[in-house]
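Everything on this sheet refers to the single structure shown next.
In my numbering, the protein residues as written are -1 to 364.
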């Protein structure tokens, strides 16, 4: 028996050094794999957002099929003929912007009253919400371009304002606010504590006005233009593969700052897509394709265009003669650039595209 015991292999435990080696190898593998997993997750979220934009592109196409290829509009074509909302209400009503039904209650943004039986009691102070966007600087370019979830457009999807197709998966702030409503049976929901949550995606307001509003020959106020509010047909896009139609409104890709922009009142507003040089929003274009657009590339294209229109690079810039228009009441700041994260970014593409639907937000190869 003693000889058998001497012949059996002797059992031994791992030494401290061997355990440390194993732990080091595992830690190294985790360090290698975690960034890859993070990139894969990020790529999946980008793919999901691009998928949302493809669905929105299909909805735009279906809407256009019903409305002579026109863009979604919330303002009648002839408002500019009257010269103002107040003048218009002397003879006609402005239709309400319907958000949806919450139980037996219909929520809508209305303008009125006038001498005729107009719905609503809010008056022309609400007119800016029906415009594509407003050039009243106190209203900060707000308008229907920010609200694709309204029933005039959402009926070409699910008919719901709070549908996940309107919310990018990286837009965590707005998703958290909208989440209680997304699974609601109602087409719209409202509580005083939350208010209205605006979708992650937005139309290009530049493409919702007449192209003459943001003409390279000078800005024109749509409120006093007979055809200023006549939304153009998608077929009027001179460069459909270069003009954005819808885009992620928030800065979601390559974000450098925190989730909210402290410059906005209340401190709970997300950064906007044009407020950082590294921003790379997802968009869909008038030819139907979807893609990401780097602000840095857009700015380079804008510089090339301004130099081309000016004749020589050193010439002083001509108002409006770039890919985005600097001659509006918002001037060279454009769309909220005074609240940008860095001092390098300088673009209001998509929002103030020169020549509107006939213009471009990106250029081809250099």
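Glycine included, every Cβ here is placed at the ideal spot set by N, Cα and C.
Are there 16 or more other CB atoms within 10 angstroms of the CB of residue 236, so buried, or fewer, so exposed?
Position 238 of the chain shown, counted from the first residue, corresponds to residue 236. So residue 236 counts as exposed.
Pull up the DSSP beta-bridge partners for residue 280, would you.
Here the question's residue 280 lines up with position 282 in the chain shown. Partner(s): 290.
In this structure, what does DSSP give as the bridge partners for residue 270?
Numbered from 1 along the chain shown, position 272 holds the residue referred to as residue 270. Looking at the DSSP assignment, residue 270 forms a beta bridge with 248.
In whole angstroms, what is the alpha-carbon distance linking residue 345 and residue 322?
Here residue 345 refers to the residue found at position 347 of the chain shown. Here residue 322 refers to the residue found at position 324 of the chain shown. Rounded to the nearest angstrom, the two C-alpha atoms are 7 Å apart.
Taking C-beta to C-beta, are residue 347 and residue 296 nearer than 7 Å?
Against the chain shown, residue 347 aligns to sequence position 349. Against the chain shown, residue 296 aligns to sequence position 298. Yes, they are a contact pair.
Using a Cβ distance threshold of 8 Å, determine whether the stretch 276 to 283 contacts the stretch 244 to 260, with at least three qualifying pairs required.
yes
Any idea which residues DSSP pairs residue 213 with across the strands?
Working through the chain shown from its first residue, we reach residue 213 at position 215. Note: residue 213 sits in a beta bridge opposite 216.
Can you name, in chain order, every residue of its own chain whose Cβ lies under 8 Å from the Cβ of residue 160, other than the five neighbours on each side?
Residue 160 sits at position 162 when you count from the first residue of the chain shown. Cβ within range, chain order: 147, 176, 179, 180, 182, 186, 187, 195.
According to DSSP, is residue 83 part of a helix, a strand, or is it coil?
Here residue 83 is taken as the residue at index 85 of the chain shown, counted from 1. If DSSP states are grouped into helix, strand and coil, residue 83 belongs with the helices.
Please classify residue 208 as buried or exposed, where buried requires at least 16 neighbouring CB atoms within 10 angstroms.
As a position in the chain shown, residue 208 is number 210, starting the count at 1. The residue is buried, with at least 16 neighbouring Cβ atoms inside 10 Å.
Please state the DSSP three-state secondary structure of residue 349.
One-based indexing of the chain shown puts residue 349 at position 351. It is coil, neither helix nor strand.
Taking buried to mean at least 16 other C-beta atoms within 10 Å of its own C-beta, is residue 216 buried or exposed?
Locating residue 216 in the chain shown gives position 218, where the first residue counts as 1. So residue 216 ends up on the exposed side.
So for residue 312, helix, strand or coil by DSSP?
Numbered from its first residue, the chain shown carries residue 312 at position 314. Unreliable positioning characterises residue 312 in this predicted model, as indicated by a pLDDT of 45, which lies under 50. A coordinate reading is not provided.
Measuring alpha carbon to alpha carbon, tell me which of 270, 133, 204, 150 ends up nearest residue 62.
As a first step, residue 62 is located in the chain shown; it is residue number 64 there, counting from the start. Here the closest residue by C-alpha is 150.
If you compare alpha carbons, which of 184, 202, 240 is closest to residue 102?
Position 104 of the chain shown holds residue 102. The shortest C-alpha separation from residue 102 is found at 184.
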